[in-house]
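Residue numbers are given in the UniProt record's numbering: position 492 of the sequence shown equals residue 492, and the series is strictly consecutive.
Working notes for the structure below.
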Amino acid sequence: MAQSGETHAKKYSVGILVVSDSCSSGVSTDKSGVNLREVINNNEHYLAENYAIVPDDIPSIKEKLIQWSDTVGLSLILTTGGTGFSPTDVTPEATREIIDKDASCLTQTILLESLKITKFATLSRAVSGIRKNTLILNLPGSKKGSQESLEIVLPVLKHALDLINDVKNDVKKDHIEIQKEPHHHQHQHHQDQHQCPHNHSKSRVSEKDMLNKPRKSLYPMISVQQAIDIIQSESTNLETESVFYMNALNRVCAEDITARDPLPPFAASVKDGFAVKLTQNQREYLQNNSIDTKFIFDVIGSSNAGDNLINMDLKEGQCVKINTGAPVPLKSDLVIQIEDTISLEKDSNNADKKIEIVSTSTCGGVHSGKIELKLGQDIRPIGFDIKIGEAVVKKGMIIRAPQIGICATVGALELKVYKQPIIGLVSTGNELMKPEEVKLNSGKIRDSNKSLLFCAAKSLGIENIFDAGIATDDPDTVFKVFKNAFENSDVIISTGGVSMGDKDLVKDVLEKDFGCKIHFARMNMKPGKPTTFATCEFNGRKKLIFALPGNPVSAIVTFNLVVVPCLKKLMGYTNPFFTEIKVRSEFDAELDPRPEYHRCWLQWPKLENQIEFEYPKAYSTGNQHSSRLLSMNEANVLVILPGRTEAKTRVTKGEILTALLIDKI
Numbered sequence: 001m002a003q004s005g006e007t008h009a010k011k012y013s014v015g016i017l018v019v020s021d022s023c024s025s026g027v028s029t030d031k032s033g034v035n036l037r038e039v040i041n042n043n044e045h046y047l048a049e050n051y052a053i054v055p056d057d058i059p060s061i062k063e064k065l066i067q068w069s070d071t072v073g074l075s076l077i078l079t080t081g082g083t084g085f086s087p088t089d090v091t092p093e094a095t096r097e098i099i100d101k102d103a104s105c106l107t108q109t110i111l112l113e114s115l116k117i118t119k120f121a122t123l124s125r126a127v128s129g130i131r132k133n134t135l136i137l138n139l140p141g142s143k144k145g146s147q148e149s150l151e152i153v154l155p156v157l158k159h160a161l162d163l164i165n166d167v168k169n170d171v172k173k174d175h176i177e178i179q180k181e182p183h184h185h186q187h188q189h190h191q192d193q194h195q196c197p198h199n200h201s202k203s204r205v206s207e208k209d210m211l212n213k214p215r216k217s218l219y220p221m222i223s224v225q226q227a228i229d230i231i232q233s234e235s236t237n238l239e240t241e242s243v244f245y246m247n248a249l250n251r252v253c254a255e256d257i258t259a260r261d262p263l264p265p266f267a268a269s270v271k272d273g274f275a276v277k278l279t280q281n282q283r284e285y286l287q288n289n290s291i292d293t294k295f296i297f298d299v300i301g302s303s304n305a306g307d308n309l310i311n312m313d314l315k316e317g318q319c320v321k322i323n324t325g326a327p328v329p330l331k332s333d334l335v336i337q338i339e340d341t342i343s344l345e346k347d348s349n350n351a352d353k354k355i356e357i358v359s360t361s362t363c364g365g366v367h368s369g370k371i372e373l374k375l376g377q378d379i380r381p382i383g384f385d386i387k388i389g390e391a392v393v394k395k396g397m398i399i400r401a402p403q404i405g406i407c408a409t410v411g412a413l414e415l416k417v418y419k420q421p422i423i424g425l426v427s428t429g430n431e432l433m434k435p436e437e438v439k440l441n442s443g444k445i446r447d448s449n450k451s452l453l454f455c456a457a458k459s460l461g462i463e464n465i466f467d468a469g470i471a472t473d474d475p476d477t478v479f480k481v482f483k484n485a486f487e488n489s490d491v492i493i494s495t496g497g498v499s500m501g502d503k504d505l506v507k508d509v510l511e512k513d514f515g516c517k518i519h520f521a522r523m524n525m526k527p528g529k530p531t532t533f534a535t536c537e538f539n540g541r542k543k544l545i546f547a548l549p550g551n552p553v554s555a556i557v558t559f560n561l562v563v564v565p566c567l568k569k570l571m572g573y574t575n576p577f578f579t580e581i582k583v584r585s586e587f588d589a590e591l592d593p594r595p596e597y598h599r600c601w602l603q604w605p606k607l608e609n610q611i612e613f614e615y616p617k618a619y620s621t622g623n624q625h626s627s628r629l630l631s632m633n634e635a636n637v638l639v640i641l642p643g644r645t646e647a648k649t650r651v652t653k654g655e656i657l658t659a660l661l662i663d664k665i
């Protein structure tokens, strides 16, 4: 905390608390809290350091608010959810119980502004207040409502926190600025942006200049591998965050997860049967078979899953009936499955009172007639499956269903994972209409690229994908849409506007309006030659920009080749690249001067017909024109055709080629 009279040089720490029964139980995935965190982190004055999900339960909410205020010492806590009229909405009640001072003017301001948007804002019961040096603000549960509410008061929150923390120099500066302001009350939602190079409302690119652009590209042609190397060098892992384990599916683990308890935590039975304590004669029989003895035991009780009977005093010649997974009494020698026993005596309730082991089964399930037992058989000792302190999920591992189950087993409920990038999608072109349009206007086509890339990114497990809009082919609109993407995204993926026409504006807008560095703008491949990669700093954060060709096939092929490895690296993947395999061509094709990525589907040889190793067969999906999206319809591999040479002008059926696996087979 800043001392009195000082300037607050560091960012104010923020906690995002999601209040939701469904999210805390894993039934639903939190979107509001994740979005608020990004809004906060995109502001230069704040850093979202803590994130948690709690159920709609007053004690749980209070516990987290008190912990973050008193122990962690956060400057600002934003809650989302539980502010309505539902019986389970108790966030305001929990907040009121722990705050020292009321700050209702913030809530009233949000209400007044929100009523201009929707009449339902009246139904909010949100509370705001101060506990020690922490400002607590209740926000609605919806993604849209919580962001809009935060943005209403965001311009004044820093001043509020400066006052709470007695940062006198910053308070004095703010008061000077307040005196300069005209007396009207407009909310400056984006007042914290950098002034250069993109603090302008219109593009610096002139349509007249575009008419005089060179007829040939000034950018050198580079290989696909060179392009990938450049992109990988510009991509670094994002920060880490803690998430509820049920929300960690498809995320990459950022640290080893270790077991706090052994599994099983007690000696457990592997079979349904009897846990027995052998007599001395029975032990000697097992050692040398020299004593003629029977394996008869008195049943003195039972052990079921969940019972606490491990300290039962079991004497020689006694046993307990036991179920699979139940705790085994400490003095037990072994467990015999029920199939290898007979009942010699029943009690009044028809339960076994005395049993005899009559034989033991072979692996094939046939009884041998001979007693063959081992001490400790069918008993899982403590830590047999998982040892205490063992790394059960390792750093860099992708968290799938098995890892979620393992985390539940060891009680690891908060997992540290790599943050996912926020993807911004931009479409360009005068000809584009939204897919929802029923009737096509003359000269128009539906925008398929955005839906295509949205789902392609979604299939990687990325949750935060922002639609920045469709830009028509004029510089001001392209500038506006890209600025929207920069303000809301980490990685921007656009389609169209990167070729050589006078309406291909993207590279010029990126350079002149945003100061982007164009790392490359031509790749030696088909389809996708004009693929462009750029980077820039926007509002103090690095942005990665992929400007892909507008033809749908070119867009999805280049997305797979260069964008997917980048996204996977940002997400923490240790190996972000597609698997390469060898395939046998089942098609003929003329070669292009550029290496071509031919869309194919695979067929594996049937094992019964396989005499020796055979390569999987690659079948072409047909017409490979870059506008024909149907060529991706069944494709699960991209077969790499080499560039044409004088010695090699075509590939023929039966050739062995390299292919990239881009989908399940």
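Heads up, the beta-carbon is just placed ideally off N, CA and C, and yes, glycines get one too.
Near residue 746, which residues of its chain fall below 6 Å by C-beta distance, leaving aside the five closest residues on each side in sequence? As displayed, the chain neither begins before 1 nor continues past 665, which places residue 746 out of reach and without an answer.
Straight-line Cα distance separating Ile423 from Asp490: In the sequence shown, the residue the question calls residue 490 occupies position 490. In the sequence shown, the residue the question calls residue 423 occupies position 423. The straight-line gap separating the alpha-carbon atoms of Asp490 and Ile423 is approximately 6 Å.
Starting from Leu115, follow the alpha helix (DSSP H) in both directions and report where the run begins and ends. In the sequence shown, the residue the question calls residue 115 occupies position 115. Premise fails: Leu115 is in no alpha helix (DSSP H) and is neither H nor E.
Using the rule of at least 16 other Cβ atoms within 10 Å of the residue's Cβ for burial, across every protein chain shown, is Phe486 buried or exposed? For the purposes of this step, residue 486 is taken as the residue at position 486 of the sequence shown. Around the C-beta of Phe486, 16 or more other C-beta atoms lie within 10 Å, and the residue is accordingly described as buried.
Bridge partner(s) assigned by DSSP for Pro327: Within the sequence shown, the letter at position 327 stands for residue 327. Looking at the DSSP assignment, Pro327 forms a beta bridge with Ala268.
Checking the sheet assignment: what are the DSSP bridge partners for Ser203? For the purposes of this step, residue 203 is taken as the residue at position 203 of the sequence shown. DSSP lists no partner for Ser203.
Using CA atoms only, rank isn't needed, just tell me which of Tyr418, Ser60, Glu372, Ile322 is closest to Thr574. Walking along the sequence shown from the start, residue 574 turns up at place 574. Out of Tyr418, Ser60, Glu372, Ile322, Tyr418 has the C-alpha closest to the C-alpha of Thr574.
Cβ-based neighbour list, Ala160, same chain, cut-off 7 Å, excluding 5 preceding and 5 following: Working through the sequence shown from its first residue, we reach residue 160 at position 160. Answer for Ala160: Leu135, listed in chain order.
Pull up the CB-CB distance for Asn449 and Thr495, whole angstroms please, since I reckon it's below 8 Å. Here residue 449 refers to the residue found at position 449 when the sequence shown is read from its first residue. Here residue 495 refers to the residue found at position 495 when the sequence shown is read from its first residue. About 4 Å separates the CB atoms of Asn449 and Thr495; that is less than 8 Å, so the two are in contact.
At which residue ranges does the region 493 to 568 contain complete beta strand (DSSP E) runs of 3 or more residues, listed in the order of the chain? Complete beta strand (DSSP E) runs here, min 3: 517 to 520, 532 to 538, 541 to 548.
In or out: Pro182 buried (at least 16 other Cβ within 10 Å) or exposed? On the sequence shown, residue 182 is found 182 positions in, with the first residue counted as 1. Residue placement at Pro182 is flagged as unreliable, the pLDDT there being 44, under the threshold of 50; a coordinate-derived value is accordingly withheld.
In terms of DSSP beta bridges, what is Tyr12 paired with? Position 12 of the sequence shown, counted from the first residue, corresponds to residue 12. For Tyr12, DSSP records a beta bridge to Tyr46.
Which word fits Gln287, buried or exposed, when buried means at least 16 other C-beta atoms lie within 10 angstroms of its C-beta? For this step, residue 287 is matched to residue 287 along the sequence shown. By the neighbour-count rule (16 or more Cβ atoms within 10 Å), Gln287 is not buried but exposed.
Taking three-plus beta-carbon pairs below 8 Å as touching, is the region 92 to 112 in contact with the region 124 to 131? As far as the Cβ criterion goes, the region 92 to 112 touches the region 124 to 131, which means the pair count is three or higher.
Beta-carbon within less than 8 Å of His200's beta-carbon, same chain only, minus the 5 sequence neighbours each way: which residues are those? Counting from one through the sequence shown, the residue named residue 200 turns up at place 200. Contacts found: Asp513.
Quick check on the burial criterion: 16 or more other C-beta atoms within 10 angstroms. Buried or exposed for Phe120? What you label residue 120 is simply residue 120 of the sequence shown in a count that begins at 1. Counting other Cβ atoms within 10 Å of its Cβ, Phe120 stays below 16 and is therefore classed as exposed.
Simplified DSSP state of Val481, which is helix, strand or coil: For the purposes of this step, residue 481 is identified with residue 481 of the sequence shown, where counting begins at 1. Correct three-state label for Val481: helix.
Measuring only the C-alpha atoms, how far is Met312 from Thr80? Position 312 of the sequence shown holds residue 312. Position 80 of the sequence shown holds residue 80. Each residue's alpha carbon lies about 51 Å from the other.
Rounded to whole angstroms, what's the CA-CA distance from Lys202 to Gln603? Just pull it up for me. Locating residue 202 in the sequence shown gives position 202, where the first residue counts as 1. Locating residue 603 in the sequence shown gives position 603, where the first residue counts as 1. One Cα belongs to Lys202, the other to Gln603, and the distance between them is close to 53 Å.
Can you tell me the Cα-Cα spacing of Lys568 and Ile462, whole angstroms? Locating residue 568 in the sequence shown gives position 568, counting from the first residue. Locating residue 462 in the sequence shown gives position 462, counting from the first residue. Using only the alpha carbons, I get a separation of about 10 Å.
Relative to the C-alpha of Lys216, which residue among Asp467, Val509, Lys277, Ala521 is closest? To locate residue 216, count along the sequence shown from 1; it is residue 216. Ranked by how close their Cα comes to the Cα of Lys216, the residues Asp467, Val509, Lys277, Ala521 have Ala521 in first place.
Just verifying my parser: in three-state terms, what is the DSSP assignment at Thr579? Locating residue 579 in the sequence shown gives position 579, counting from the first residue. Correct three-state label for Thr579: coil.
What separation, rounded to the nearest whole angstrom, lies between the Cα atoms of Lys517 and Met571? Numbered from its first residue, the sequence shown carries residue 517 at position 517. Numbered from its first residue, the sequence shown carries residue 571 at position 571. Straight-line spacing of the CA atoms in Lys517 and Met571 works out to 23 Å.
Are the Cβ atoms of Gly469 and Asn488 separated by less than 8 Å? Counting from 1 along the sequence shown, the entry for residue 469 is found at position 469. Counting from 1 along the sequence shown, the entry for residue 488 is found at position 488. Not a contact, by the Cβ cut-off of 8 Å.
Look up Asp467 in the DSSP assignment and say whether it is helix, strand or coil. Here residue 467 corresponds to residue number 467 of the sequence shown, with the count starting at 1. DSSP, read as helix, strand or coil, puts Asp467 in strand.
Can you list, in chain order, the residues of its chain with a C-beta nearer than 8 Å to that of Glu646? Leave out the 5 residues immediately preceding and following it. Start at 1 with the first residue of the sequence shown, and residue 646 comes out as number 646. Around Glu646: no qualifying Cβ.
Out of Thr579, Gly550, Pro552, Phe546, which one is the CA nearest neighbour of Val563? Taking the sequence shown and counting its residues from 1, one reaches residue 563 at position 563. It is Phe546.
Spatial distance of Tyr285 from Cys407 (CA atoms): Locating residue 285 in the sequence shown gives position 285, counting from the first residue. Locating residue 407 in the sequence shown gives position 407, counting from the first residue. If I take the Cα positions, the gap works out to 44 Å.
When DSSP labels each residue in this structure, what does Ser368 get in the three-state scheme? Here residue 368 is taken as the residue at index 368 of the sequence shown, counted from 1. Note on Ser368: pLDDT 46, under 50, position unreliable in the model; the coordinate value appears next. Note: Ser368 maps to coil in three-state DSSP.
Thinking C-beta only, is Ala259 closer than 8 Å to Ile386? As a first step, residue 386 is located in the sequence shown; it is residue number 386 there, counting from the start. As a first step, residue 259 is located in the sequence shown; it is residue number 259 there, counting from the start. Contact: yes.
Kindly confirm or deny that the region 529 to 537 and the region 497 to 515 touch, where touching means at least three C-beta pairs closer than 8 Å. Yes, since at least three Cβ pairs between the region 529 to 537 and the region 497 to 515 fall closer than 8 Å, the two stretches touch.
Using a Cβ distance threshold of 8 Å, determine whether the region 20 to 34 contacts the region 137 to 151, with at least three qualifying pairs required. At 8 Å Cβ cutoff, the stretches touch.
Sub-8 Å separation of Ser149 and Pro155 beta-carbons: Position 149 of the sequence shown, counting from 1, holds the residue named residue 149. Position 155 of the sequence shown, counting from 1, holds the residue named residue 155. Not in contact: Ser149 and Pro155 (Cβ atoms no closer than 8 Å).
With DSSP collapsed to three states, give me the class of Leu278. Along the sequence shown, read from residue 1 onward, the residue named residue 278 stands at position 278. Per DSSP, reduced to three states, the secondary structure at Leu278 is coil, with no helix or strand assignment.
What whole-angstrom Cβ distance do Ile398 and Val252 have, given they're in contact under 8 Å? For the purposes of this step, residue 398 is identified with residue 398 of the sequence shown, where counting begins at 1. For the purposes of this step, residue 252 is identified with residue 252 of the sequence shown, where counting begins at 1. Your pair Ile398 and Val252 checks out as a contact, with CB atoms roughly 6 Å apart and the cut at 8 Å.
For Phe384, decide whether its Cβ has a neighbour in chain B, counting only Cβ atoms nearer than 8 Å. Any reference to chain B falls outside this structure, which holds one protein chain only.
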